[in-house]
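Participant:
Residue numbers (this note's numbering): 20 to 256.
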């Protein structure tokens, strides 16, 4: 800190920035002795007037130019306190809730009200992911242009048998050597049946005459369903 009379920033003050001290009359809240010639409240310490030009940071910026900031690496306790304050005010991530069977049942019953390809797609993806214990990244893609039939699910990866469906995963978090995993989904005979919904979805999918390397789960435009789009569809329920 320095005295107000020796402030180096006072030389750069224009006449338009000078406050009118006449506005501080005897009837004002502050007496004339408590206000400097620029109309700012005086700041004193041990009966010594200090510069208070940091009140107008856009003009003076004495707080930034004339005060040496301490080195936080040498103030370990202060650094720990600041880190604690940052963690306390950190934005909390959105909670993630697992899909239970009751939630899946409500989703399927809600989707069954309307026969729309998007609803059929979402019901199939949720049912297959639930019964196959799939992660979101295992049946979706990162972006529309990032689909690769060598790694992502495509038409050739699903086999429909008389009583079950075999789904081949080329990559998985539990398969570090990428040998491939085959997930079997059987017919349950209930209203929530992965076999039934997969057969219904594939019948609609084959109407477009897809190739073996076509993405397994596609939207209305024929593009592979991304992780963001699947989350958007799920949040709309």
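In this text, a Cβ means the ideal position worked out from N, Cα and C, and glycines have one as well. None of these values were measured; they are calculated from a predicted model.
#1: To the nearest whole angstrom, what separates the beta carbons of residue 159 and residue 246, a pair I think is in contact under 8 Å?
#2: May I have the straight-line CA-CA distance separating residue 216 from residue 225, to the nearest angstrom?
#3: In terms of alpha-carbon separation, which member of 241, 178, 98 and 152 lies closest to residue 119?
#4: To the nearest whole angstrom, what separates the beta carbons of residue 176 and residue 187, a pair I think is in contact under 8 Å?
#5: Under three-state DSSP, which class holds residue 54?
#6: Look up residue 191 in the DSSP assignment and give the residues it is bridged to.
#7: Quick check on this structure: which residue in 223, 211 and 103 has the alpha carbon closest to the alpha carbon of residue 125?
#8: For residue 17, does the count of other Cβ atoms within 10 angstroms reach 16, so buried, or fall short, so exposed?
#9: Please state whether DSSP places residue 178 in a helix, a strand or coil.
#10: Given a cut-off of 8 Å, decide if residue 183 and residue 150 are closer than it, judged by their beta-carbon atoms.
#11: From the DSSP secondary-structure annotation, give me the bridge partner or partners of residue 173.
#12: If we count the other Cβ atoms within 10 Å of its Cβ and call it buried at 16 or more, is residue 202 buried or exposed?
#13: I'd like to know whether the C-beta atoms of residue 145 and residue 232 end up nearer to each other than 8 Å.
#14: Check this for me: beta carbons of residue 242 and residue 155, under 8 Å apart or not?
#15: Sort out for me which residues DSSP pairs residue 243 with in a bridge.
#16: DSSP on residue 184, reduced to helix/strand/coil?
#17: Can the beta-carbon of residue 139 be found closer than 8 Å to that of residue 236?
#18: Which residue marks the beginning of the alpha helix (DSSP H) containing residue 105, and which one marks its end?
#19: Less than 7 Å between C-beta atoms, sequence neighbours within five positions excluded: which residues of the same chain meet that for residue 168?
#20: Hey, would you say residue 234 sits closer than 8 Å to residue 170, going by beta carbons?
#21: Tell me whether residue 249 is buried or exposed, calling it buried when 16 or more other Cβ atoms sit within 10 Å of its Cβ.
#22: To which residues does DSSP link residue 60 through a beta bridge?
#23: For residue 104, does the count of other Cβ atoms within 10 angstroms reach 16, so buried, or fall short, so exposed?
#24: Out of curiosity, what's the CA-to-CA distance linking residue 137 and residue 240?
Facilitator: Looking at the atomic coordinates:
#1: Here residue 159 refers to the residue found at position 140 of the chain shown. Here residue 246 refers to the residue found at position 227 of the chain shown. Sure, about 4 Å apart at Cβ, within 8 Å.
#2: Position 197 of the chain shown, counting from 1, holds the residue named residue 216. Position 206 of the chain shown, counting from 1, holds the residue named residue 225. Rounded to the nearest angstrom, the two C-alpha atoms are 14 Å apart.
#3: Translated into the one-based positions of the chain shown, residue 119 becomes position 100. Among 241, 178, 98 and 152, the Cα nearest to that of residue 119 belongs to 152.
#4: Position 157 of the chain shown holds residue 176. Position 168 of the chain shown holds residue 187. The Cβ separation is near 4 Å, so the contact holds.
#5: Locating residue 54 in the chain shown gives position 35, counting from the first residue. Residue 54 falls in the strand class under three-state DSSP.
#6: The sequence position of residue 191 within the chain shown is 172, counting from 1. Answer by DSSP bridge pairing, in chain order: 194.
#7: Start at 1 with the first residue of the chain shown, and residue 125 comes out as number 106. For the residues 223, 211 and 103, the minimum Cα distance to residue 125 belongs to 211.
#8: Outside the modelled stretch of the chain, which goes from 20 to 256, sits residue 17, for which no answer is possible.
#9: As a position in the chain shown, residue 178 is number 159, starting the count at 1. If DSSP states are grouped into helix, strand and coil, residue 178 belongs with the strands.
#10: Looking up residue 150 in the chain shown gives position 131. Looking up residue 183 in the chain shown gives position 164. Contact: no.
#11: Locating residue 173 in the chain shown gives position 154, counting from the first residue. According to DSSP, residue 173 bridges with 234.
#12: Within the chain shown, residue 202 is the residue found at index 183, counting from 1. Label assigned to residue 202: buried.
#13: For the purposes of this step, residue 145 is taken as residue 126 along the chain shown, with counting starting at 1. For the purposes of this step, residue 232 is taken as residue 213 along the chain shown, with counting starting at 1. In this structure, residue 232 does not lie closer than 8 Å to residue 145 by Cβ.
#14: In the chain shown, the residue the question calls residue 242 occupies position 223. In the chain shown, the residue the question calls residue 155 occupies position 136. Their beta carbons are not under 8 Å apart, which means residue 242 does not touch residue 155 by this criterion.
#15: Position 224 of the chain shown holds residue 243. In DSSP, residue 243 forms a bridge with 237.
#16: Mapped onto the chain shown, residue 184 falls at position 165. Looking at residue 184 - three-state DSSP - the assignment turns out to be strand.
#17: Stepping through the chain shown from its first residue, residue 139 is reached at position 120. Stepping through the chain shown from its first residue, residue 236 is reached at position 217. No.
#18: For this step, residue 105 is matched to residue 86 along the chain shown. Per DSSP, residue 105 belongs to the alpha helix (DSSP H) from 95-107.
#19: Mapped onto the chain shown, residue 168 falls at position 149. Closer than 7 Å at Cβ, skipping near neighbours: 232.
#20: Taking the chain shown and counting its residues from 1, one reaches residue 234 at position 215. Taking the chain shown and counting its residues from 1, one reaches residue 170 at position 151. Result no, Cβ atoms of residue 234 and residue 170 do not sit closer than 8 Å.
#21: One-based indexing of the chain shown puts residue 249 at position 230. Answer is buried; the Cβ neighbour count reaches 16.
#22: Residue 60 sits at position 41 when you count from the first residue of the chain shown. The partner list for residue 60 (beta bridge, DSSP) reads 54.
#23: Taking the chain shown and counting its residues from 1, the one referred to as residue 104 is at position 85. Answer is exposed; the Cβ neighbour count stays below 16.
#24: Here the question's residue 137 lines up with position 118 in the chain shown. Here the question's residue 240 lines up with position 221 in the chain shown. Answer to the nearest angstrom: the Cα atoms are 11 Å apart.
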